[in-house]
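The numbering of the sequence shown is numbering that gives the first Met the number 0, which starts it at 0 and goes up by one.
C-beta: ideal position from N, C-alpha, C; glycine also.
Here the structure is a predicted model, which means the values were calculated and not measured.
Beneath this line is the structure, given in structure tokens, with notes to follow.
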Amino acid sequence: MPRVVVFDQTGDPEVLRVVDEPVTAPAAGEVRIRIEAIGLNRLDSMMRAGTFPRPFHLPHARLGCEGTGIVDAVGEGVEEFRVGDAVIVTALPTMDRNGTYADYTTVPASAIIARPDGLDAVHAAALWVAGSTAYGALVEKAHMRPADHVLITAASSGVGLAAIQVANQIGAVPIAVTRHIAKKEALLAAGAAAVIATEEDDLHESVRRVTGGVGVDIILDSVMGPGLSDLAQTARPGGTLVAVGWLDPRPPSFPMTGPLTIHRYVGFELLADPGAVRRIAAFLAAGVRSGTMQPTIDSVFTLDDISQAHRHLERGDQIGKIVVTV
Ligand SMILES: NC(=O)c1ccc[n+]([C@@H]2O[C@H](COP(=O)([O-])OP(=O)(O)OC[C@H]3O[C@@H](n4cnc5c(N)ncnc54)[C@H](OP(=O)(O)O)[C@@H]3O)[C@@H](O)[C@H]2O)c1
């Protein structure tokens, strides 16, 4: 019998249970996918822990907004995909009902794209959420251009590493920020032009040195918290800050210096636009083809070890994406 991960109440990783359930037939406009690999996201652990800001259904909630697999059945009216196609799930705001932590899931055909050639299932599972967030925030929101200096916080996260690659693909200059000096070499190897390890380096002095005293053009921030206004002071006058996440759960401080354009990026909003999904898919596929976009994999778990995978995600010492194979 096919397996599905469910939870009946929010809490620690141990609330996740693997249960057996029959598959459902796709309705009109839907496709059923035999999942091969799942990319884990901070969003998943927030939902499981009960800190997710959107309402969802309990008990028996499913989990997982990202994954890759093979189309297994198509519903009436689906023209663009056939049984046997390798695909990536692009965004599942309804993951409590059709999440990817399972052997099979059924989703609208509009929520999948063809898997780019040249990616195995593990790397394909790690491409979309990090890549689309980095691309959406930097290109669609901040209008990043070649030669822009881009400061990237939590640079060892899936989103941070993808942002380094997106910046390099455009010809911008990615400056990575990590708290830990031990991650410096890995971030340079991942393509950062410079790395600031805040446990040793002074943020402002480092930015002044790298930008010739001008300040960065764009800040991509996944942390927020009380340090936000200090971080904003690394931007040049007229620069742009895009806030994509709040890894620091404390209330953020509002940047009072300026002029500065501030965006709050929410992926599900951009992904509701089919034109944006086409642009993201084309950008990521071009990056895979040319070798600039290659998801960094921290570790691989199996579906039966899903609680252990979530514990690893929450320790925060990873460099890149955690993937679960099915
Ligand atoms: N807006 C959207 O649509 C969207 C979509 C996807 C993800 N996101 C957000 O993007 C962020 C990254 O997501 P992800 O899944 O790629 O993350 P992840 O891989 O789980 O990120 C882990 C890294 O974040 C850093 N970190 C953790 N807690 C931190 C803290 N309190 N302060 C500073 N750094 C901290 C650590 O790096 P160091 O130890 O090196 O500092 C850690 O290695 C999250 O905030 C997530 O919610 C947003």
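{"Asked": "TYR100 vs VAL22 beta-carbon contact at 8 Å", "Found": "no"}
{"Asked": "Helix, strand or coil at LEU230 [DSSP, three-state]", "Found": "helix"}
{"Asked": "Entirely enclosed beta strand (DSSP E) segments - the stretch 49–129, minimum 3 residues", "Found": "66–73, 85–88, 103–107, 111–113"}
{"Asked": "Integer-rounded CB distance, given that PRO254 should sit under 8 Å from LEU227", "Found": "6 Å"}
{"Asked": "Proximity test, SER205 beta-carbon vs ligand 2 heavy atom, cut-off 7 Å", "Found": "As far as ligands go, the structure on display features ligand 1 and does not contain ligand 2."}
{"Asked": "Cut-off 7 Å between Cβ atoms - residues of its own chain near ARG235, not counting five sequence neighbours on either side", "Found": "VAL213, GLY214, VAL215, ASP216"}
{"Asked": "Which residues DSSP lists as bridging ASP220, in chain order", "Found": "ALA242"}
{"Asked": "GLY76 versus ALA146, SER109, ILE32, TRP127, residue with shortest Cα-Cα distance", "Found": "SER109"}
{"Asked": "Helix, strand or coil at ARG144 [DSSP, three-state]", "Found": "coil"}
{"Asked": "Outcome for HIS56 when other beta-carbon atoms lying within 10 angstroms are tallied against a minimum of 16", "Found": "exposed"}
{"Asked": "Cut-off 6 Å between Cβ atoms - residues of its own chain near TRP245, not counting five sequence neighbours on either side", "Found": "MET223"}
{"Asked": "Straight-line gap, HIS148 to GLU268 (C-alpha atoms, nearest Å)", "Found": "26 Å"}
{"Asked": "Sequence-distant residues of the same chain with beta carbon closer than 7 Å to ILE163, five excluded per side", "Found": "ILE151, ALA154, PRO173, ALA175, ALA189, GLY190, ALA191"}
{"Asked": "Of the residues ALA275, GLY286, GLY10, GLU184, the one placed nearest GLY49, counting alpha carbons only", "Found": "GLY10"}
{"Asked": "Spatial neighbours of GLY286 in its chain, beta-carbon cut-off 6 Å, leaving aside the 5 residues before and after", "Found": "GLN168, MET292"}
{"Asked": "THR93 versus VAL3 - alpha carbon distance", "Found": "15 Å"}
{"Asked": "Residue interval of the alpha helix (DSSP H) (run including SER330)", "Found": "Nothing about residue 330 can be read from this structure; the chain reaches only from 0 to 325."}
{"Asked": "Buried or exposed by the 16-neighbour rule on C-beta atoms within 10 Å, applied to THR256", "Found": "exposed"}
{"Asked": "Check: GLY157 C-beta below 7 Å from any heavy atom of ligand 1", "Found": "yes"}
{"Asked": "Cutoff 8 Å: ILE32 Cβ touching any chain C Cβ", "Found": "Among the chains in the structure shown there is no chain C, since it carries only a single protein chain."}
{"Asked": "Closer than 7 Å: VAL265 CB and nearest ligand 1 heavy atom", "Found": "yes"}
{"Asked": "ALA153 CB to nearest heavy atom of ligand 1 below 7 Å", "Found": "yes"}
{"Asked": "Meets three-Cβ-pair contact criterion under 8 Å: the stretch 130–147 and the stretch 26–35", "Found": "no"}
{"Asked": "Where the beta strand (DSSP E) through LYS320 begins and ends", "Found": "320–324"}
{"Asked": "Entirely enclosed alpha helix (DSSP H) segments - the stretch 7–32, minimum 4 residues", "Found": "none"}
{"Asked": "Distance cut-off 7 Å: SER252 Cβ against heavy atoms of ligand 1", "Found": "no"}
{"Asked": "Reduced DSSP category for SER205 - H, G, I as helix; E, B as strand; rest coil", "Found": "helix"}
{"Asked": "Cβ-Cβ separation, THR67 to ALA123 (assumed contact under 8 Å), whole Å", "Found": "4 Å"}
{"Asked": "Reference CYS64; option with closest CA among ILE296, ALA275, LEU270", "Found": "LEU270"}
{"Asked": "Which of helix, strand or coil DSSP assigns to VAL4", "Found": "strand"}
{"Asked": "Proximity of ALA60 and VAL5 at Cβ, strictly below 8 Å", "Found": "yes"}
{"Asked": "beta-carbon LYS183 near ligand 1 non-hydrogen atom, thresh 7 Å", "Found": "no"}
{"Asked": "Cβ-based burial, PRO294 [other Cβ within 10 Å; buried from 16]", "Found": "buried"}
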